[in-house]
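Student: One structure is given below, represented as structure tokens, and several questions about it will come after.
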């Protein structure tokens with residue numbers, strides 16, 4: 409059964425420069441996901457239009473993405489600093505066992521085989 413798709417050209421907010429096209433696409437998707445009804449029908453096309461959002465709004469997404477990248481980077485730098493200082497790392501004894509787990513004596517693996 410062939411599915412018929414009707415072509416429609418809707419006027420939506422447009423970028424005013426040559427470099428925000430990616431941000432606009434991301435912003436269109438974000439807004440659509442937030443606002444679209446569960447089942448999108450032809451009558452729902454009215455949600456689109458020149459006034460769907462202000463053209464300045466997608467540019468704000470750039471700052472949100474930048475903040476997210478910086479936050480992720482800081483988290484990774486903190487993890488790296490902690491790992492290199494040895495903090496938060498399990499202590500391993502000479503025989504490869506965790507010395508804090510002293511519930512019962514451990515036989516080294518190479519001797520138990």
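Numbering (this note's numbering), first residue to last: 409 to 521.
Idealized CB from N, CA, C, for every residue including glycine.
Computed from a predicted model, the values in this text were never measured in an experiment.
1. Leaving out five residues before and five after residue 461 in sequence, what residues of the same chain have Cβ atoms less than 7 Å from its Cβ?
2. What are the boundary residues of the alpha helix (DSSP H) that residue 487 is part of?
3. My guess is that residue 479 and residue 431 are in contact by the Cβ rule of under 8 Å, so how many angstroms apart are they, rounded?
4. Is residue 513 helix, strand or coil by DSSP?
5. So what's residue 458 in DSSP terms, helix, strand or just coil?
6. So, helix, strand or coil for residue 447, using DSSP?
7. Could you give the DSSP three-state label for residue 437: helix, strand or coil?
Tutor: On the basis of the data shown:
1. 421, 439
2. 465-493
3. About 19 Å; that fails the 8 Å criterion.
4. Reliability fails at residue 513, whose pLDDT of 48 lies under 50, so the model's placement of it is uncertain and the value that follows must be treated cautiously. If DSSP states are grouped into helix, strand and coil, residue 513 belongs with coil.
5. Residue state, collapsed to three classes: coil.
6. coil
7. helix
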